[in-house]
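Student: There's a structure below that I have some questions on.
Numbering (this note's numbering), first residue to last: 16 to 446.
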């Protein structure tokens, strides 16, 4: 099983960089790709390709419209880790608008990126998933991210799981929104439906988690947020990297989590939040963290009590007592209103190899019906701006048509309706 990781835009590239630092520690590889610890290299071929004996390079692709962020990574701590022919950029700025990434400059990169994806897929014996990191707020993440989604859809639909980790605009502070974030988000939102599973996050949610955790990180910034978010996808695949887990492939997880074709956006929690200070803070036990996995204060996206359709708990620890954890989960879900028409809606898996960052960890993914509330907020703001025709000329002069705004509006309305239909079941009874 292999995983190919694709990052686009400044946000996506920064998150992927942090993820590789974590994976290097877990797999016992140094920043140049050489094995340093022979005891930790099991599952090394999932994220890394052996280019020559005992030298490993990431199965990675990074793309942006300008080369500033790519140059930063290639001249930074990991400068000798990546292969040079796996990065793609133009000497252009996205100017924070979707069509520059999707139509004009981004489209010019499509053929090169598509060829590199095909090349990396072909050298793998079997591909578990393609993991994408992006933001819908900026021009490159939204526009060029859509180009990459189209490539995956056209070439690997139903063959390879498409896992997307995506930043969405902060819903708790509308005043912090960049003027064009909502346009970019709604115009590219349909590409998330193409993915097999979508894990969104908001910066404000993670900042609030820090406040609720007694400000464990005093200097809280984008770098800290990227540290937190970057842990999701490596932990998502821990079951295929280490022995002992069954039914842990990305396809099996998606089968359990996504019972409906277009309802794929997950509410994620990742505990403990104190992983970056593990030496100073006493370790939390898994049983202590289980009740917090459904606590709205720990959600990466959304707010309010979850309305659960399905969920998945991924436990990582070298000291797991399965019977005790399963008993705790039963007690937890007895307090939740679970749809009667979807029995056994929660699932779990164990990885008995601890993370490099913490002795005990839980990643929880929840298919939450109440996500439509956040989508309604985005659509309302989009409608207000579109009615005023605010800044539309920036998009039209890059090749867009006004009808695309209307189409994006209706697509979003349809998606909201699908979540609302699921929420209309009273007490989990079918109509």
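Just so it is clear, CB atoms sit at the ideal spot from N, CA and C, and this is done for glycine as well. Just so we're clear, the structure is a prediction, and the values are computed from it rather than from any experiment.
1) When the Cα of residue 93 is compared with those of 71, 110 and 113, which residue comes out closest?
2) Measuring CA to CA, which of 130, 138, 156 and 199 is closest to residue 169?
3) Measuring CA to CA, which of 42, 315 and 322 is closest to residue 350?
4) For residue 164, collect the residues of the same chain with a Cβ closer than 6 Å to its Cβ; drop the 5 residues on either side in sequence, then sort them by chain order.
5) Could you please give the first and the last residue of the uninterrupted beta strand (DSSP E) stretch that includes residue 18?
6) In terms of DSSP beta bridges, what is residue 244 paired with?
7) Since residue 168 is in the alpha helix (DSSP H), which residue starts that stretch and which ends it?
8) Would you kindly check if the distance between the Cβ of residue 332 and the Cβ of residue 382 is under 7 Å?
9) Should the stretch 108 to 115 be regarded as contacting the stretch 149 to 161, the criterion being three or more beta carbon pairs within less than 8 Å?
10) So residue 269 is in the alpha helix (DSSP H); what residue range does that whole segment cover?
11) Check for me: the beta strand (DSSP E) holding residue 364 runs from which residue to which?
12) Give the C-beta separation of residue 150 and residue 254 to the nearest angstrom, bearing in mind that I take them to be a contact with Cβ-Cβ under 8 Å.
13) Once the 5 residues before and after residue 293 are set aside, which same chain residues still bring their CB inside 8 Å of it?
14) Put residue 405 into one of helix, strand or coil per three-state DSSP.
15) In angstroms, rounded to a whole number, what distance separates the CA positions of residue 277 and residue 52?
16) So, helix, strand or coil for residue 29, using DSSP?
17) Starting from the N-terminal side, write out each stretch of the beta strand (DSSP E) that is 3 residues or longer and does not extend beyond the stretch 298 to 362.
18) Could you work out which residue in 196, 245 and 279 is closest to residue 384 when comparing CA atoms only?
19) Give the DSSP-derived three-state secondary structure of residue 261 in the structure shown.
20) Could you check how far apart the C-beta atoms of residue 378 and residue 250 are, in whole angstroms? I think they sit under 8 Å.
21) I believe residue 215 touches residue 196 by the beta-carbon criterion, under 8 Å. Please report the beta-carbon distance rounded to the nearest angstrom.
22) For residue 38, I'd like the list of residues in its chain whose CB is within less than 7 Å of its CB, leaving aside the five on either flank, ordered along the chain.
23) Is residue 294 helix, strand or coil by DSSP?
24) Measure the Cβ-Cβ separation of residue 167 and residue 145 and say whether it is below 7 Å.
25) Do the CB positions of residue 21 and residue 76 come within less than 7 Å of each other?
26) Helix or strand or just coil, what does DSSP make of residue 229?
27) Under three-state DSSP, which class holds residue 287?
28) For residue 69, I'd like the list of residues in its chain whose CB is within less than 6 Å of its CB, leaving aside the five on either flank, ordered along the chain.
29) So, is residue 408 buried or exposed, given that buried needs 16 or more other C-beta atoms within 10 angstroms?
30) In angstroms, rounded to a whole number, what distance separates the CA positions of residue 435 and residue 40?
31) Do the CB positions of residue 431 and residue 401 come within less than 7 Å of each other?
32) Would you list the one or two residues that DSSP bridges to residue 81?
33) Need the endpoints of the alpha helix (DSSP H) that residue 120 sits in, please.
34) Are the CB atoms of residue 264 and residue 34 within a distance shorter than 7 Å?
35) Please determine, among 243, 99 and 362, the residue with the shortest C-alpha to C-alpha distance to residue 272.
36) Would you list the residues sitting across from residue 216 in a DSSP beta bridge?
Tutor: Reading from the atomic positions:
1) 71
2) 130
3) 322
4) 206 and 209
5) 17 to 23
6) Beta-bridge pairing links residue 244 to no other residue.
7) 160 to 171
8) no
9) yes
10) 265 to 272
11) Note, residue 364: beta strand (DSSP E), 361 to 366.
12) Not really, about 27 Å apart at Cβ, beyond 8 Å.
13) Below a pLDDT of 50, predicted positions are generally treated as unreliable, and residue 293, at 45, falls in that range; no measurement from the model is reported.
14) coil
15) 43 Å
16) helix
17) Restricting attention to beta strand (DSSP E) runs no shorter than 3 residues, the stretch 298 to 362 encloses them at 323 to 331, ordered along the chain.
18) 279
19) coil
20) By a beta-carbon distance limit of 8 Å, residue 378 contacts residue 250. Their separation comes to about 4 Å.
21) Not confirmed; about 14 Å, so no contact.
22) Taken in chain order, the residues that qualify are 62 and 249.
23) With a pLDDT of only 45 at residue 294, under the threshold of 50, the placement of this residue in the model should not be trusted, and no figure is reported.
24) yes
25) Against a cut-off of 7 Å, the Cβ pair of residue 76 and residue 21 comes out as a contact.
26) Model confidence at residue 229 stands at a pLDDT of 44, short of 50, so the residue's coordinates are unreliable; what they give is reported in the following sentence. Correct three-state label for residue 229: coil.
27) coil
28) 50
29) exposed
30) 43 Å
31) no
32) DSSP lists no partner for residue 81.
33) Looking at the DSSP string, residue 120 is not in any alpha helix (DSSP H), and its letter there is neither H nor E.
34) no
35) 362
36) 182.
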